[in-house]
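Residue numbers (my numbering), protein chains in the order written: chain S, 350 to 824; chain U, 350 to 824.
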């Protein structure tokens, strides 16, 4: 190990005194996650203002044999952005000061941004030139581009535009040896060897520190139409998804499903939320169309497909938003899920994805598996159905949860039973949240030895000393 | 080195006598490319019928220290599918017998196919269930899925649907040590470690042999509209591309540009080709919209944007196809380019891509650079403008070419001058054709030492003995 004092001195010489944070008070916001669930020690927080400074920090850490943890907006849901409670304290390299938008090329539908740019800032800069950067998620007001790339962020735009991976054209990365890879190409076609950017996207900081990226932009949608509907069951919802895809193609921009109990919790626990439909229905869906340009109203197309679905007996009821305000009101119901569940009890959220066709089986089998552990336990279903991504949430009342003798073991057993079902159906235990600190056991369980070996081979080849996020991603 | 005879004996024991081709007559169609430009020796051609047989071949080659060259439909344009003329003869593993469509999941918009499936067969199987597999290119009647993955094939659908890379969900791969990686997931979202499939897509057989893939399907378009137009100049064409993207979003499915001389060559040398427009124009464009479902005629939208472009002075003339037959006729002009050029003279085709915004500068500067070598040399321009991909073709008459003392040196000097311009504009020398045997010098010239080093690190980590396509991809 190293003399931490001399490393910090060297960092101060590189970054200036205000570029290196020390002491518990200064570190608090960086060593603990935003929900207060994960906390670990760090030697200091380094605040570089340039790619060259990031490289200098990495080289110094290499000389001192100290681990490096890259951090963006610290909005991870699984402890991915803060140090572990055990292990040697790393240097946290927080990218917030790398926040320039270097270049926007509207004609090429691309922009070059630094890692510390907040996602919402990037979205706005794109919109200002009539373009869309389509990654959109709850934390967009504080999460940073570098973090969205390191975690291959998903969110609500995936059905139409893909994950972050599909919206990155090029990267600038500081490698574990301190060298800087300039891969900032802005090309749609480039078949000249390995596409190296994929080594870093979704690698959660284990392979390099992303300092800048070329993002892919899209035309900015100007028209929207939204319907709330009650499908007969999940199989009917899957069938309707296919009808919308066939009829509306790329206009289909969201296809969500929640169950009745989840809707009821929102109405009960969040002010000003009302049921969109008059009757009682077991399943609820939200479908949205979006497009650019002018042209006929999209609500007519919604209407036609909904009528066809009703004629096939797939649909119990539906309402189309009659105004932008009503469209907002219906989205608010969907976005109030987390708030409602937090107030209503203890939800053991999961983040599975399965092939879209397997979603009905997944819900049925996972419900049965969970109830084999706790008889009659309620489950909530919140699904990005268009992506096959189901947040299946076994749900305890506060009283019931208090009565559980070993809560940790119960949470683990229930989550495991759900993840096992997803795995058996060709699915994954982590669709969009990533591995962080919580997913390591699941990686060991569900990934083949061969696949883990391939990942370790890649990691070792680029970071033989395991200085970048040691102990993360790979069990 | 090895005893070739004992290896071949062992292969015959694995594959049966008809699974191993030997002798010049049997090998001819496998050791020479379809245009007769590249030829090299092979120990034999192995014809496995299953993934297990591919793995067995690879293990045997490993034991004997013999190189392995994977081969699909042998349609490479740059010698990528046949052995080099020098070097140790490899075993060719031809995947043609792995041609099962294993599974189609229309609800999940995915299909699982083996590497030897012909691209057109896959397209048809998708269409039979109302889906589109969007990779489309000239060789689709004979090229195989494995080859399109190994080369990250582009083609005419890239503007709307992306390259092959963006249309592969999962892979099954035989690794250089003979183990089989089952990465056949059919998920839209999966954030569980490195996305390993990208190690093999576009790797031209240097990292593994793809034996099967999960392909991403899309709704099948049912409506089309096409216009032929004459933009004022390339800058006006780029501006019009932006107008179409803004107005038509994902409906925009093709945006091509050719110059007057290229059009004249087609009309002169290919029977039944006529100029789509009455007057003479320096630049020509083809724009197509496509969509699913019913809804208003797309030709109205074409018309509106063309009128807006005319009002801005971007457009000299335009015609909208009035029927499916006329749409076909206009596409035939575009597709007749290669035939015409072959008859008309000697074109030194290049395959550059630059940011779309840089295309006008690229054409201007590349023209100047080429004419600094040969004064007044004609150049043809055939551009997938929507992708920034320009086939810039310095063009010699047969007589002029006969007069060139050192043709090889001339071709190299001219291509180099064009590639240099692309590189200076942030572009690439190989947009869609790949490296094969011809691109190695260009890799050495345009890739940084750091980037080549990163690629070698990846290659070495998976194939330390350099058994898979040694000498390819990386100079």
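Just so it is clear, CB atoms sit at the ideal spot from N, CA and C, and this is done for glycine as well.
Predicted model, so just to flag it, every value in this text is computed and none were measured.
Do three or more CB pairs link the region 528-537 of chain U to the region 804-819 of chain U at distances below 8 Å? Not touching, per the Cβ criterion.
Would you kindly report the start and end of the unbroken alpha helix (DSSP H) that includes residue 711 of chain S? Per DSSP, residue 711 of chain S is one residue of the alpha helix (DSSP H) stretching across 708-722.
What runs of the alpha helix (DSSP H), each 4 residues or longer, lie entirely inside the region 506-584 of chain U? The region 506-584 of chain U contains these whole alpha helix (DSSP H) runs: 507-510.
Taking only beta carbons into account, state which residues of the region 774-795 of chain U come closer than 9 Å to chain S, listed in chain order. Correct list: 775, 776, 777, 778, 779, 780, 781, 782, 783, 784, 788, 791, 792, 795.
In this structure, how does DSSP classify residue 359 of chain S when only helix, strand and coil are distinguished? Correct three-state label for residue 359 of chain S: helix.
Taking C-alpha atoms, which residue in U/561, U/712, U/371 lies nearest to residue 447 of chain U? Distance check between residue 447 of chain U and each of U/561, U/712, U/371 places U/561 closest, using alpha-carbon atoms only.
Would you identify the three-state DSSP class for residue 410 of chain S, choosing helix, strand or coil? Three-state result, residue 410 of chain S: helix.
Check whether the Cβ of residue 741 of chain S lies closer than 8 Å to any Cβ atom in chain U. By this cut-off, residue 741 of chain S is not an interface position.
Could you say if the region 685-697 of chain U and the region 602-618 of chain U meet the contact criterion of at least three C-beta pairs nearer than 8 Å? Look at the beta carbons and you see the region 685-697 of chain U touching the region 602-618 of chain U: at least three pairs across the two are nearer than 8 Å.
DSSP beta-bridge partners for residue 450 of chain S? Paired residues: S/462.
Does any residue of chain U bring its CB to less than 8 Å from the CB of residue 483 of chain S? No, its Cβ sits nowhere closer than 8 Å to a Cβ of chain U.
Strictly below 8 Å CB to CB, what residues from chain S border residue 515 of chain U? What residue 515 of chain U touches in chain S: 511, 515.
Under 9 Å from the C-beta of residue 731 of chain S: neighbouring residues of chain U: The premise fails here: residue 731 of chain S is roughly 14 Å from chain U at the closest Cβ pair, so nothing lies under 9 Å.
Verify the CB distance criterion: does residue 806 of chain S have a CB-CB separation below 8 Å to chain U? Residue 806 of chain S counts as touching chain U.
Name the residue from S/744, S/598, S/510 whose alpha carbon lies nearest to the alpha carbon of residue 695 of chain S. Comparing C-alpha distances from residue 695 of chain S to each of S/744, S/598, S/510 shows the shortest one belongs to S/744.
Alpha carbon to alpha carbon, what distance is there between residue 715 of chain U and residue 742 of chain U? Using only the alpha carbons, I get a separation of about 10 Å.
Name the two residues that bound the continuous beta strand (DSSP E) containing residue 667 of chain S. Membership of residue 667 of chain S in the beta strand (DSSP E) is indicated by the continuous run 664-669.
Chain U contacts made by the region 451-465 of chain S, where a contact means CB separation under 9 Å: Of all residues in the region 451-465 of chain S, 454, 455, 456, 457, 458, 459 have a Cβ within less than 9 Å of some Cβ in chain U.
Quick check on the burial criterion: 16 or more other C-beta atoms within 10 angstroms. Buried or exposed for residue 546 of chain S? So residue 546 of chain S ends up on the buried side.
Residue span of the beta strand (DSSP E) that contains residue 339 of chain U, given as start and end: Chain U is shown from 350 up to 824; residue 339 of chain U falls before or after that span and cannot be answered.
Taking the beta strand (DSSP E) that residue 443 of chain U falls in, what are its first and last residues? Counting along the chain, the beta strand (DSSP E) containing residue 443 of chain U begins and ends at 440-443.
Helix, strand or coil at residue 809 of chain S according to DSSP, with G and I counted as helix: Residue state, collapsed to three classes: helix.
Can you find a CB in chain U that lies within less than 8 Å of the CB of residue 540 of chain S? So yes, residue 540 of chain S belongs to the interface.
Within 8 Å of any Cβ in chain S, is that where the Cβ of residue 399 of chain U sits? For residue 399 of chain U, the nearest beta carbon of chain S is not closer than 8 Å to its own beta carbon.
Quick one, which of S/800, S/822, S/818 has its alpha-carbon nearest residue 529 of chain U's? Residue S/800 is the option with its Cα nearest to residue 529 of chain U.
Quick check on the burial criterion: 16 or more other C-beta atoms within 10 angstroms. Buried or exposed for residue 565 of chain U? Under this definition residue 565 of chain U is a buried residue.
Given residue 491 of chain U, which residues of its chain have a CB within under 7 Å of its CB, disregarding the five upstream and five downstream residues? Scanning its chain for C-beta atoms nearer than 7 Å, with the 5 sequence neighbours on each side dropped, one finds around residue 491 of chain U the residues 422, 424, 467, in chain order.
Residue 576 of chain S and residue 674 of chain S: beta carbons closer than 8 Å? No, these two residues do not count as a Cβ contact at 8 Å.
Going along chain S in order, which residues have a C-beta closer than 8 Å to the C-beta of residue 641 of chain U? Per Cβ cutoff of 8 Å: 594, 595, 596, 597, 598.
Looking at residue 427 of chain U: is its Cβ nearer than 8 Å to the Cβ of residue 816 of chain U? Taking 8 Å as the Cβ cut-off, residue 427 of chain U and residue 816 of chain U do not qualify as a contacting pair.
8 Å Cβ cutoff, residue 417 of chain U in contact with chain S: No - not a single Cβ of chain S is within 8 Å of the one on residue 417 of chain U.
C-alpha gap between residue 511 of chain S and residue 455 of chain U, whole angstroms: Rounded to whole angstroms, the separation of the alpha carbons of residue 455 of chain U and residue 511 of chain S is 19 Å.
Assuming residue 484 of chain S and residue 465 of chain S make a contact with CB atoms under 8 Å, what is their CB distance in whole Å? Residue 465 of chain S and residue 484 of chain S do not touch by the CB rule: their CB atoms are close to 16 Å apart, not below 8 Å.
Presumed contact (8 Å Cβ cut-off) between residue 431 of chain S and residue 387 of chain S, rounded CB distance: Between residue 387 of chain S and residue 431 of chain S the Cβ distance is about 5 Å, and since that is below 8 Å, they are a contact.
Under the three-state DSSP convention, the category residue 614 of chain S falls into: The answer is helix: DSSP assigns residue 614 of chain S an H, G or I state.
At the 8 Å Cβ level, is residue 820 of chain S part of the contact set with chain U, yes or no? Residue-level contact check: residue 820 of chain S does not touch chain U, since none of the beta carbons of chain U fall below 8 Å from its beta carbon.
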